[in-house]
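Since the structure comes first, as structure tokens, the remarks are kept for the end.
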């Protein structure tokens, strides 16, 4: 047995909780009964509970400190909106009730139950996808990326920072492309009332940490912001759309000091970088031109412009709108129904690809392309701020309420203009193309 196996054997032999054990919700005084342990990790365990099967309990191996308890209370009082609430999908496994044992000690919390899902590498790694989910095509991957952007956007709007956004805490439902984020108690949290910040004690995953936090002796002491999350989000979106980390590549030509993905990140060497030619492209490299122009722009802003000035990295809302445009631009291949490509690219790249990343749906696959649905209006409840939409103002004005108000306002303005018109000004036409256009939008 390895040290890891001995460690887990020790942990399993020293469980603090058992089936049928009763715990109390500190806020309500209600009780829950532990039914079955679902998962066990380094920090704690996940339990199925009764009577509420819509929630699970996360219980810590060691009693959390008073600081951790205070942070969990702040989380329960300042949850982000769930972007897929109307679709009955849990996007964020957020603490909602603290749990106490018989001695009054806080031992964990309740959080929403996430339906059976798979880890995100099962989806973005094309060999894993070929084996288990070959019907999860490029359009589905775009949808998953957009769902992820909506989640990060919702969390950032509350002032929280994920800090360790990586493939370790992301789950995907392969039947509908919905995504869920877990281990949220490791986030940097802001109290909704006092605005007190509870920093994250998590270092982060090296291949997702932005350049400015790489190679720091004590990165945990840095005041993390959503700007740091923007880098991690871009890396994951790249992995979803291309299948690999943008900082993976061959050995640099003339730099012996660079030998890992973390080194590439520190120096800003990525596969499509405009300002360097340091990386040798692997044989399976996909040209960046296959994705929509707005997606290309976001990658360049993040990894090129954002390398020198991190604040220039696209926000989660930038990514959401860019992916919305990209999904609208996707076209099904005439030869292979499981192939989708950007109309702006002009041809199906996957038909020319030697790696069969998206196999024929005529094979015996599960799920099929038709079974995998892409949600559309998944940020309906998130209010967009002017700063977030300054580059996407046409996209912002798609609210039916906005068009309704404008539709009613234009005739009123026209009537006032006619009543107070100077002599000699002809009566305005009753057939307004603009009004007809707005009416058509309301009927869509």
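Numbering (my numbering), first residue to last: 1108 to 1551. Note that CB positions come from ideal geometry on N, CA and C, so glycine has one too.
Run through DSSP, which three-state label would residue 1289 get? Coil, per DSSP.
Q) Does any C-beta atom of chain E lie closer than 8 Å to the C-beta of residue 1175? A) The displayed structure is made up of one protein chain only, and chain E is not part of it.
**Prompt:** Can you tell me the Cα-Cα spacing of residue 1461 and residue 1392, whole angstroms?
**Reply:** Cα-Cα distance, rounded: 11 Å.
Spatial neighbours of residue 1266 within its chain, please: C-beta separation below 7 Å, excluding the five flanking residues on both sides. Answer for residue 1266: 1297, listed in chain order.
Can you find at least 3 beta carbon pairs, one from the segment 1225 to 1238 and one from the segment 1339 to 1359, that sit closer than 8 Å? Between the segment 1225 to 1238 and the segment 1339 to 1359 there are three or more inter-stretch CB-CB distances shorter than 8 Å, so the stretches are counted as touching.
- Reducing DSSP to helix, strand and coil, say where residue 1207 ends up. Under the three-state reduction of DSSP, residue 1207 is assigned to strand.
request  = Write down the C-beta distance between residue 1183 and residue 1202 rounded to the nearest angstrom, noting that I regard them as a contact closer than 8 Å.
outcome  = The Cβ separation is near 5 Å, so the contact holds.
- Should residue 1211 and residue 1165 be called a contact, given that it needs their Cβ atoms to be closer than 8 Å? Cβ atoms of residue 1211 and residue 1165: not closer than 8 Å.
DSSP three-state assignment for residue 1164, whether helix, strand or coil: Residue 1164 falls in the strand class under three-state DSSP.
* Asked: In whole angstroms, what is the alpha-carbon distance linking residue 1430 and residue 1227?
  -> Cα to Cα, residue 1430 sits roughly 18 Å from residue 1227.
inquiry  = Under 8 Å, with one C-beta from each stretch per pair, do the segment 1247 to 1264 and the segment 1272 to 1289 reach the 3-pair mark?
reply    = By the Cβ criterion, the segment 1247 to 1264 is in contact with the segment 1272 to 1289, since at least three pairs of Cβ atoms, one from each stretch, lie closer than 8 Å.
> Do the segment 1411 to 1423 and the segment 1438 to 1458 touch if we need at least three Cβ pairs shorter than 8 Å?
Replying inline: Touching, no, given that fewer than three Cβ pairs across the two stretches are closer than 8 Å.
Can you round the beta-carbon distance between residue 1273 and residue 1293 to whole angstroms, since I take them to be within the 8 Å contact cut?
Taking C-beta atoms under 8 Å as the contact rule, residue 1273 and residue 1293 fail to qualify, at a distance of about 11 Å.
Inset, instruction - Specify, as a first and last residue, the run of the alpha helix (DSSP H) that residue 1434 falls within. - result: Residue range 1423 to 1435 is occupied by the alpha helix (DSSP H) that includes residue 1434.
request  = Can you say whether residue 1087 is buried or exposed, counting buried as having 16 or more other CB atoms within 10 angstroms of its CB?
outcome  = Nothing can be reported for residue 1087, as the shown portion of the chain is limited to 1108 through 1551.
- [ ] List the endpoints of the continuous alpha helix (DSSP H) containing residue 1228.
- [x] Start and end: 1228 to 1231.
Worksheet entry | Sequence ranges, beta strand (DSSP E) only - wholly within the segment 1113 to 1159, length at least 3 | List check, beta strand (DSSP E) in window: 1129 to 1132, 1138 to 1147, 1151 to 1157.
Practice task
Assign residue 1314 to one of two classes, buried (16 or more other C-beta atoms within 10 Å of its C-beta) or exposed (fewer than that).
Solution key: Residue 1314 comes out buried.
Cα separation between residue 1167 and residue 1218? So the two alpha carbons sit approximately 14 Å from each other.
Three-state secondary structure (DSSP) at residue 1302? Residue state, collapsed to three classes: coil.
Mind the definition here: the segment 1136 to 1150 touches the segment 1185 to 1196 only if three or more C-beta pairs lie below 8 Å; say whether that holds. As far as the Cβ criterion goes, the segment 1136 to 1150 does not touch the segment 1185 to 1196, which means the pair count is below three.
Inset, instruction - Pick out whichever of 1432, 1381, 1240, 1428 has its Cα sitting closest to the Cα of residue 1411. - result: Relative to residue 1411, the option among 1432, 1381, 1240, 1428 whose CA is nearest is 1381.
First through last residue of the alpha helix (DSSP H) which encompasses residue 1320 = Counted as a single uninterrupted DSSP element, the stretch harbouring residue 1320 is not any alpha helix (DSSP H), since DSSP gives it neither H nor E.
Check: What is the C-beta distance between residue 1163 and residue 1175, in whole angstroms, given that I count them as a contact (C-beta under 8 Å)?
Finding: About 19 Å separates the two Cβ atoms, so there is no contact after all.
**Study point:** Residue range of the alpha helix (DSSP H) that includes residue 1173
**Key:** In this chain, the alpha helix (DSSP H) harbouring residue 1173 covers 1173 to 1184.
request  = Along the beta strand (DSSP E) that carries residue 1215, what are the first and last residues, could you check?
outcome  = Run containing residue 1215: 1213 to 1219, per the beta strand (DSSP E) assignment.
| said: Could you tell me the alpha carbon to alpha carbon distance between residue 1507 and residue 1247, rounded to whole angstroms? | reply: For residue 1507, the predicted model reports a pLDDT of 42, less than 50, meaning its position is unreliable and no value from the coordinates is stated.
Cβ separation of residue 1426 and residue 1256, assumed to be a contact under 8 Å, to the nearest whole Å: So it is a contact: roughly 4 Å between Cβ atoms.
Exercise for the section: To the nearest angstrom, report how far apart residue 1238 and residue 1278 are at their CA atoms. Expected result: About 18 Å.
request  = With distances taken Cα to Cα, identify the nearest neighbour of residue 1310 among 1303, 1302, 1321, 1304.
outcome  = Comparing Cα-Cα distances from residue 1310 to each of 1303, 1302, 1321, 1304, the minimum goes to 1321.
Would DSSP call residue 1200 helix, strand or coil? Residue state, collapsed to three classes: coil.
So residue 1244 and residue 1465 are supposed to be a Cβ contact under 8 Å. How far apart are they, rounded?
About 5 Å separates the beta carbon of residue 1244 from that of residue 1465, a gap short enough to meet the 8 Å contact definition.
Taking the beta carbon of residue 1204 as the centre, do at least 16 other beta carbons fall within 10 Å, making it buried, or is it exposed?
By the neighbour-count definition (other C-beta atoms within 10 Å, threshold 16), residue 1204 is a buried residue.
Notebook entry, point to check: By Cβ distance below 8 Å, which residues in the same chain neighbour residue 1340 in space, the five residues on each side in sequence not counted?
Noted result: Excluding residues up to 5 positions away in sequence, 1255, 1256, 1259, 1272, 1423, 1426 lie with their Cβ nearer than 8 Å to the Cβ of residue 1340 in the same chain.
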